[in-house]
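Visitor: Residue numbers (my numbering), protein chains in the order written: chain A, 1047 to 1375; chain B, 19 to 140.
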Amino acid sequence: MSVTFEQLLGSPLLALLAGVAAVMGLLTVNALFLIYAERKVSARMQFRLGPTEVGFAGTLQTVADMLKLISKQIISPKHIDKPLYHLAPLVVFAPVIASTALFPFSEAWSIVDVNIGLVLVFAFGGIGIIGIFMGGWGSNNKYALLGAMRSVAQNISYEIPLLLSALSVVLMTQSMNLREITVAQGEAGFWFILVQPVAAVIYLIAAVAETNRAPFDIPEAESELIAGFHTEYSGMGFAMFFFAEYSNMLIVSMVGTVLFLGGWSGPGPAVLGPIWFLAKTYSIIFMMMWFRWTFPRLRFDQLMSFAWAIMIPVSIANLIATAVVLKVV
Amino acid sequence: MEATIGPYQLLIGFLLLGIVLGAAPLIIPRLISPRYSGAKTDETYECGVDTIGSSWIRFSVSFYLFALIFVAFEVDVLYLFPIAVVYDQGFEWRDLVEVTMFLGILTLGIFYAWRRGVFEWR
């Protein structure tokens, strides 16, 4: 059993505040780091240097960008649907905070430990999609509306293979608790990517699609839709969508780490757990960045029929195979 | 310790504080940012030309059928999670047969949509 913040601090309110502070700290550092990493990785893959001027080797570039965004004027266009437009960044942002709190960073380190953790993470992801559509519809901008439509269609299509591949793992562990899934891999003595390679590949593809990243970045295809659903957001409104996007990359990678890569497990003492956990998570994120500069963007109908005609049948077949193997063995 | 807080109450707290923390960066710039307002500042952005009409019009969304299939699938997949939690715990072969039947019927939905030409772009 893990020690909760409440037992540590002796008060539920303090526990909540400490938890939120921890999550916000992690997500902020993650967003700052990932934007820098994204620019550096993409630059290196194109034989460029990327940011070099601000701070040592450009490390403070994102901080400078953030300060610029804070000082920008917030423009809300004339013809918007006011409540939807102004609420959208919050609806995208708040669930990200809650779902990050669910992850076990080591045997003893988890902020919220619930037995339906896995389903809750996906449920919070679903709320974010509503926020995206609110922003796109509320903007009353044709590009934003088309981007939001594409985003929703893509997210709901890839949600199903995502859930089905996660389900194959739940079938093996008989638990939806993220900590217990990790422990089960420790007891089995191997990471589930070894016994569920098909589910792992499906999960990775679906996760890239869920985060609207290349080659599935049709919702924000800048050459045709300007910026997709957040075209009409300026300054911090835009920054919130960006923040949520990079946090979602972290979340899907953390789920992937828990399901397939053994979570916090690794050589060395148990104290190193969180380091192993983050190392595995950021390896998945690096792969996602790598994809972006390797694969061209898919056409929208290719993207949709790929989800329904290949991903879902394969993941259903994988699920049945898992069920049969579990019975026979 | 007298007052305890369950994990779900804690999560609701996370959501509420998330809204507060999200609102702060949206309000602060309103105090420090410039307030320039020109003739076209508040116009809807459409590549610099004058906006043509509202975007809240009726148009054909070619992939609305995906949304319909999605609703069926999502609910079906959620029914599978409780089965997965108790799978292979003393049901002999019954649970395997039932899961296979359930997934088989689920797959028929895809075949039906496929034959109806939902996956083709028109």
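Note that beta-carbon positions come from the ideal geometry of N, C-alpha and C, so glycine has one too.
1. My assumption, with CB atoms under 8 angstroms, is that Gly1235(A) sits in contact with Ile1157(A). Please give the rounded CB distance.
2. Give the straight-line distance between the Cα atoms of Pro1261(A) and Met1333(A), rounded to the nearest whole angstrom.
3. Please list, in chain order, the chain B residues whose beta carbon lies closer than 7 angstroms to that of Ala1140(A).
4. Around the Cβ of Ser1197(A), are there at least 16 other Cβ atoms within 10 angstroms (buried) or fewer (exposed)?
5. Rounded to a whole number of angstroms, what is the C-alpha to C-alpha distance between Trp74(B) and Pro1123(A)?
6. Distance check for Glu1291(A) and Gly1096(A), CA to CA, integer angstroms please.
7. Taking 7 angstroms as the cut-off, decide whether the C-beta atoms of Ala1134(A) and Gly1177(A) are in contact.
8. Using a Cβ-Cβ distance cut-off of 7 angstroms, determine whether Asp94(B) contacts chain A.
9. From the DSSP output, in three-state form, read off Pro1359(A) for me.
10. Determine the direct distance from the alpha carbon of Val1142(A) to that of Ala1285(A), and round the result to whole angstroms.
11. From the beta carbon of Met1047(A), is the nearest beta carbon of chain B less than 7 angstroms away?
12. Which same chain residues end up closer than 7 angstroms to Ala1147(A) when comparing Cβ atoms and leaving out the 5 residues on each side of it in sequence?
13. Below 7 angstroms on C-beta distance, what does Asp1159(A) contact in chain B?
14. Does any residue of chain B have a CB that is nearer than 7 angstroms to the CB of Ala1120(A)?
15. Measure the C-alpha to C-alpha separation of Val136(B) and Ile123(B) and round it to an integer number of angstroms.
16. Alpha carbon to alpha carbon, how far is Val104(B) from Asp113(B)?
17. Mind checking the stretch 1341–1354 of chain A against chain B and listing, in chain order, the residues whose C-beta falls within less than 7 angstroms of any C-beta there?
18. Does the structure place the stretch 87–99 of chain B close enough to the stretch 37–52 of chain B that three or more beta carbon pairs sit under 8 angstroms?
19. Using a Cβ-Cβ cut-off of 6 angstroms (strictly less than) and excluding sequence neighbours within five positions of Met1300(A), which residues of its own chain qualify?
20. Between Thr62(B) and Asn1201(A), which are expected to be in contact by the criterion C-beta below 8 angstroms, what is the C-beta distance as a whole number of angstroms?
21. Tell me whether Met1335(A) is buried or exposed, calling it buried when 16 or more other Cβ atoms sit within 10 Å of its Cβ.
22. Since Leu1210(A) meets chain B, which of its residues come closer than 7 angstroms, beta carbon to beta carbon?
Guide: Quick answer:
1. With a Cβ gap of about 28 angstroms, Gly1235(A) and Ile1157(A) do not count as contacting.
2. 12 angstroms
3. Leu33, Gly36, Ile37, Gly40
4. Buried, by the Cβ-count rule.
5. Each residue's alpha carbon lies about 15 angstroms from the other.
6. 21 angstroms
7. yes
8. no
9. helix
10. Each residue's Cα considered, the two are about 14 angstroms apart.
11. Any reading at Met1047(A) needs caution, since the residue's pLDDT is 42, under 50, leaving its predicted position unreliable; the model's value is listed next. No, because no Cβ of chain B sits closer than 7 angstroms to the Cβ of Met1047(A).
12. Gly1065, Val1069, Ile1157, Val1158
13. Per Cβ cutoff of 7 angstroms: Pro25.
14. One point to set straight first is that residue 1120(A) is Ile, not Ala, in the sequence displayed. Yes, contact with chain B.
15. 18 angstroms
16. Distance from the CA of Val104(B) to the CA of Asp113(B), rounded to the nearest whole angstrom, comes to 9 angstroms.
17. Asp1347, Met1350, Ser1351, Trp1354
18. no
19. Phe1149, Thr1327
20. With 8 angstroms as the limit, Thr62(B) and Asn1201(A) do not qualify as a contact, their Cβ atoms being about 25 angstroms apart.
21. Counting Cβ neighbours within 10 Å, Met1335(A) comes out buried, since at least 16 surround it.
22. Val95
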